[in-house]
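As you go down the protein sequences, you meet chains A and B in turn. Each number in this note's numbering comes from the position in the first sequence (counting from 1) with 9 added on. Each number in this note's numbering comes from the position in the second sequence (counting from 1) with 166 added on. Positions of the beta carbon are idealized from the N, C-alpha and C atoms, including for glycine. Each remark here refers to the structure printed beneath this line.
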Amino acid sequence: MTEGTLIKVGMADLNIAEGGAVLKTTGLGSCVGLTLFDPDLRIGGMAHIMLPSSDIAREGQLNIAKYADTAVPELVNRLRSRGAAIHRLIAKMAGGAQMFAFMGGADTMRIGPRNVEATKLELERFSIRLVSEDTGGNYGRTVELYSHTGIFLIRSVQHGVKEI
Amino acid sequence: MNLFRNNADFKLDVLREVGNIGAGNAATALSTLLNKPVDMAVPTVNLLPFEEIAERVGGSEAVVIAIFLRVEGDAPGNMFFIINREPARRILQGLLGFNAAENDEYSELELSALNEIGNILAGSYLSSLADFTGLRMSPTVPSLAVDMAGAILSYGLLQFGTMGDDALLIDTTFLEGQQEAEGHFFLIPDPESFEKLFRALGVPF
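Here is the structure:
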């Protein structure tokens, strides 16, 4: 992986990058884009989390990148296998929006905030520090993680580009 | 999906017809509203990976105007009416009689007009579908967003999310005259709704 290589992370997908490669996931709505970064090794990982818990999964072959409770451990493992240390990892995340406002608010309608809560819970479980986040609201986001610097860029239609 | 193990082609045909009837009525409603002809393409029915659904309307990051509503009743699901910005501007111009949405800034009135259009179209789509199937189907109050297609559509995929990584989408494209893709009507029935739809229409499975 060379400087500037773009690695696309799809919906319900995760990947890691090093050597200056950039991880990118587009069109986060209620989904959460979580990134973990080891500043010493300059290696990062990104997950595009769609649902809070694999308890509700009814699929035959579980896609572990889809659920907060399975994606976070997997991402941690992938980074550790490349030499990253859990205590050095720092987390940044964005997404978890509520794209549409509804009266009443069935459980699925609150999925964005629930994804955020579930992801935070997992980070706590691993004692990984969440250094910054840009979550909630009612708008979509595209995010990028620069594996060399750990810079996390967030683009949205209404609010332009933001760096956290 | 297991549901399509038997009679897959026939079932997809039936769903295509579901799209035809629903969107046909919606197209008529839109045509009445705009006082000009509105055509539609033959609906496509596909089991698509999540990633590919946004490709239908220009990609995950493409900015679209979407009116979303839940279908409630016997066969619940999600419905989107999606228009690109240029056709939306034309529709608003025709409807409101002045230059609308300059610089892609929408006024309250314009957003409200678009939302109402979505409401009328979804209502005509669903009422014809309810008549055809004998199932009770009613729309929730619609909600509008102008944002990235991926962010918007992922909302309609949550029910499928627990089942796998694809969703079944009934997609009907609207055409105004010779112009392509005025808008899309997406109906994404919840996974549990297919059995009810097929039973109601006498499709063996």
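Going by beta carbons, L310/B and N281/B fall inside the 7 Å limit. Taking a cut-off of 8 Å on C-beta distances, the stretch 121–136 of chain A does not touch the stretch 16–28 of chain A, as fewer than three cross pairs fall below it. Identification of chain A residues near Y272/B by a Cβ-Cβ cut-off of 8 Å yields none; the smallest Cβ-Cβ distance measures about 12 Å. Within the stretch 207–261 of chain B, the complete beta strand (DSSP E) segments of 3 residues or longer fall at 210–215, 229–239, 243–249, listed in chain order. By a beta-carbon distance limit of 8 Å, I219/B does not contact R251/B. Their separation comes to about 20 Å.
Taking a cut-off of 8 Å for Cβ pairs, the stretch 304–320 of chain B and the stretch 96–108 of chain A touch, as three or more such pairs fall below it. Rounded to the nearest whole angstrom, the CA to CA distance from S359/B to F340/B is 25 Å. Listed by position along chain A, the residues whose Cβ is nearer than 7 Å to that of I249/B form an empty set, because the closest Cβ is around 15 Å away. Per DSSP, I160/A lies in no alpha helix (DSSP H) and is assigned neither H nor E. A distance below 6 Å between beta-carbons, with the five flanking residues on each side excluded, links L292/B to the following residues of its chain, in chain order: M303, P305. Put simply, the CB of M20/A is near chain B, with a gap under 7 Å to one of its CB atoms.
Where V184/B is concerned, the enclosing alpha helix (DSSP H) starts and stops at 174–200.
A Cβ-Cβ distance of about 5 Å is found for the pair A193/B and M206/B, placing them in contact under the 8 Å criterion. Nearest CB-CB separation between G327/B and chain A: below the 7 Å threshold. DSSP places Y76/A in the strand class (E or B) of the three-state scheme. Listed by position along chain B, the residues whose Cβ is nearer than 7 Å to that of F109/A are F234, S309, A311, Y321.
For D297/B, there are no C-beta contacts with chain A under 7 Å, since the nearest C-beta of that chain is about 26 Å from it.
For G239/B, no CB of chain A lies under 7 Å from its own CB, so it is not counted at the interface with that chain. Short of 8 Å from the beta carbon of P48/A, and not among the five residues preceding or following it, lie these beta carbons of its own chain, in chain order: R97, I99, G159.
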